[in-house]
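Quick mapping for you: the protein sequence lines, in order, are chains A and B. The numbers in the working numbering rise by one with no breaks, and the one at position 81 of the first sequence is 81. To convert, take the position in the second sequence, counting from 1, and add 222; that gives the working numbering. Encoded as structure tokens, the structure appears first; notes follow it.
Protein chains: 2
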Amino acid sequence: MSAPGAAPASAVGPERIGLMESSGTTRRQATRQKLYEAAVTLIAEKGFSATTVDEIAERAGVAKGTVYYNFKSKTELFEELLRHGVGLLTVSLRAAAEESEERGGTRVEALDAMIRAGLAFIDRYPAFTQLYVAELWRTNRAWQSTLLVVRQEAVAVVEDVLRDAVGSGELSEEIDIPLTAAALVGMVLVAALDWQAFQPERSIDEVHSALSLLLHGRVSGH
Amino acid sequence: MSAPGAAPASAVGPERIGLMESSGTTRRQATRQKLYEAAVTLIAEKGFSATTVDEIAERAGVAKGTVYYNFKSKTELFEELLRHGVGLLTVSLRAAAEESEERGGTRVEALDAMIRAGLAFIDRYPAFTQLYVAELWRTNRAWQSTLLVVRQEAVAVVEDVLRDAVGSGELSEEIDIPLTAAALVGMVLVAALDWQAFQPERSIDEVHSALSLLLHGRVSGH
DNA sequence: CCTTTTGAACTGACCAGTCAGTGCAAAAAG
DNA sequence: CTTTTTGCACTGACTGGTCAGTTCAAAAGG
Numbered sequence: 001m002s003a004p005g006a007a008p009a010s011a012v013g014p015e016r017i018g019l020m021e022s023s024g025t026t027r028r029q030a031t032r033q034k035l036y037e038a039a040v041t042l043i044a045e046k047g048f049s050a051t052t053v054d055e056i057a058e059r060a061g062v063a064k065g066t067v068y069y070n071f072k073s074k075t076e077l078f079e080e081l082l083r084h085g086v087g088l089l090t091v092s093l094r095a096a097a098e099e100s101e102e103r104g105g106t107r108v109e110a111l112d113a114m115i116r117a118g119l120a121f122i123d124r125y126p127a128f129t130q131l132y133v134a135e136l137w138r139t140n141r142a143w144q145s146t147l148l149v150v151r152q153e154a155v156a157v158v159e160d161v162l163r164d165a166v167g168s169g170e171l172s173e174e175i176d177i178p179l180t181a182a183a184l185v186g187m188v189l190v191a192a193l194d195w196q197a198f199q200p201e202r203s204i205d206e207v208h209s210a211l212s213l214l215l216h217g218r219v220s221g222h
Numbered sequence: 223m224s225a226p227g228a229a230p231a232s233a234v235g236p237e238r239i240g241l242m243e244s245s246g247t248t249r250r251q252a253t254r255q256k257l258y259e260a261a262v263t264l265i266a267e268k269g270f271s272a273t274t275v276d277e278i279a280e281r282a283g284v285a286k287g288t289v290y291y292n293f294k295s296k297t298e299l300f301e302e303l304l305r306h307g308v309g310l311l312t313v314s315l316r317a318a319a320e321e322s323e324e325r326g327g328t329r330v331e332a333l334d335a336m337i338r339a340g341l342a343f344i345d346r347y348p349a350f351t352q353l354y355v356a357e358l359w360r361t362n363r364a365w366q367s368t369l370l371v372v373r374q375e376a377v378a379v380v381e382d383v384l385r386d387a388v389g390s391g392e393l394s395e396e397i398d399i400p401l402t403a404a405a406l407v408g409m410v411l412v413a414a415l416d417w418q419a420f421q422p423e424r425s426i427d428e429v430h431s432a433l434s435l436l437l438h439g440r441v442s443g444h
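See the structure below:
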């Protein structure tokens, strides 16, 4: 229709394509992935509004039009990014908890394993974490509803383990599950971001120990 | 509120002063105050870049020119806002700790009092807290250095009390002071923001109890 | 009077989203 | 086997609008 004389020219050869994905959509998948990666760092650094679509496209090595070929809008790209990232996180948390239980650990050990998994996630995707924290409590934003869903998904993983632990008598009945879950998530989130930003020389084990001590009540428990 | 004509300014009276110290209340001070209050909510809602100077001026009920008469730039207005807000927070935390000590409380009780003071601050200035969290871990921003100073100031208050507590044998020597301080601050920050955003029906006492339980190791201690 | 605020117009940069068109590989036609 | 068509994925110049910051004369305010 729109290619009146496609000259054969010298074929450059089969450009490498992404790593995975089967047939068909491979190219598109790879492009989307590049866009996610470019967007996540830029938005973490500068915020959503201060990041331009031109910058994202440039860092991803594609043309601006490609962004709009793959996503309806800048906002939609961002929302999909959020979903993608939190999906990774919850999978990783749940896996850590399950693995701990399969090893016959206690529920508190499962919580500890989740703290470690959370730290590992933040270590691997610091930009995503930054961006998530920065946007989570904003009101009146276009992606508010997306964030609500996505947050609930993540916090629910922690709540589930807490509920189990209370049910089996391992934790005191007096704890408030939603508030405690939020506090634990916050503890890990903020400690990890602070670690990255202000104390990068620390090892993940040091950070984990400090948080573990708090969880086990050895900071001021008696 | 933003009527075209002159506003009946003198009718307002000594309204509660939000985010700034109220020294010699000159006319200029009052204008700055109005600008801080307008800016803090707008920026908390939409972020720095998405907030326009025209909006800030309109909500403050002043002319745009006035913004630039009082501040060199939008960025400078924002930086000064950060300084004032964190100043208020540290004063409040320190006062809580000192008051607790004067009552002859333990260092752990002082920590508990600071948690409460932190919650009260966030309750009173939710917008400021939102904005602070959203900006704190951003890299590459113009106000990065301002934030660094201002964060250190706030975290140092907690670190001081922890150090005291370890020094007097009240807390175990094995705790890592900077990391534990960051974790405690994070716990309060995130729990409080979550409370505001997702569980507003809870009372400040409920939130305080949940955090206190964690601090005292009664969640999973022993 | 000296300081502060007003209001409105103006500029120049910047930016989200659009659209006509390109390149290419595989299917269809010859 | 060769030629033509098809359609996906991508391109980048362009548009219409927005916004930070400027300017300045005139009017409060104190």
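Glycine included, every Cβ here is placed at the ideal spot set by N, Cα and C. Small disclaimer: the values here were computed from a predicted structure and weren't measured.
Residue i vs residue j beta-carbon contact at 8 Å
i: E99/A; j: A113/A; result: yes
i: G186/A; j: V377/B; result: no
i: L213/A; j: V219/A; result: yes
i: S49/A; j: S271/B; result: yes
i: G232/A; j: Y125/A; result: In this structure chain A extends from 1 to 222, so residue 232/A is not present and cannot be described.
i: V429/B; j: L179/A; result: yes
i: A282/B; j: L353/B; result: no
i: W359/B; j: A197/A; result: yes
i: T66/A; j: A57/A; result: yes
i: K296/B; j: V313/B; result: no
i: R27/A; j: N70/A; result: no
i: V133/A; j: R94/A; result: no
i: G47/A; j: G439/B; result: no
Cutoff 8 Å; reference residue i; Cβ partners in own chain excluding five residues on either side
i: R305/B; result: T368 and V372
i: I177/A; result: E159, L162, R163 and V166
i: Q366/B; result: R360
i: E173/A; result: V166
i: T31/A; result: A60, V62, T66 and N70
i: Q152/A; result: none
i: S168/A; result: R107
i: A414/B; result: G340, L341, I344, D345, T351 and V429
Contact set for residue i: own chain, Cβ-Cβ below 7 Å, skip 5 residues either direction
i: E170/A; result: T106, R107 and V108
i: L111/A; result: V161 and L215
i: A364/B; result: T297
i: V410/B; result: I337, G340, L341 and L433
i: W417/B; result: R424 and V429
i: L89/A; result: F121 and A154
Collapsed DSSP secondary structure at residue i in the structure displayed
i: G269/B; result: coil
i: R116/A; result: helix
i: T75/A; result: helix
i: T312/B; result: helix
i: S425/B; result: coil
i: R360/B; result: coil
i: R103/A; result: coil
i: G283/B; result: coil
i: S220/A; result: coil
i: T274/B; result: coil
i: Y68/A; result: helix
i: Y132/A; result: helix
i: F258/B; result: With the sequence shown as reference, residue 258/B is identified as Tyr, and Phe is not the correct amino acid for it. It is helical.
i: T253/B; result: helix
i: R124/A; result: helix
i: T248/B; result: coil
Own chain partners of residue i with C-beta closer than 6 Å, once the 5 adjacent residues on each side are dropped
i: T129/A; result: I122
i: A96/A; result: A113, M114 and A117
i: M1/A; result: Here M1/A scores only 32 on pLDDT, less than 50, and its place in the model is too uncertain to base an answer on.
i: E80/A; result: none
i: A127/A; result: V40, T41 and A44
Heavy atom of the ligand HEM within 7 Å of residue i beta-carbon
i: L257/B; result: Only the bare structure without any ligand can be found here, which leaves the ligand HEM out of the picture.
Subject >> Touch test, the stretch 254-267 of chain B against the stretch 38-49 of chain A, Cβ-Cβ under 8 Å, three pairs minimum >> reply: No: the two stretches stay apart, fewer than three of their Cβ pairs being nearer than 8 Å.
**OP:** At 3 residues or longer, and completely inside the stretch 154-196 of chain A: list those beta strand (DSSP E) runs for me, N to C.
**Re:** Counting only runs of 3 or more residues that sit fully inside the stretch 154-196 of chain A, no beta strand (DSSP E) segment turns up.
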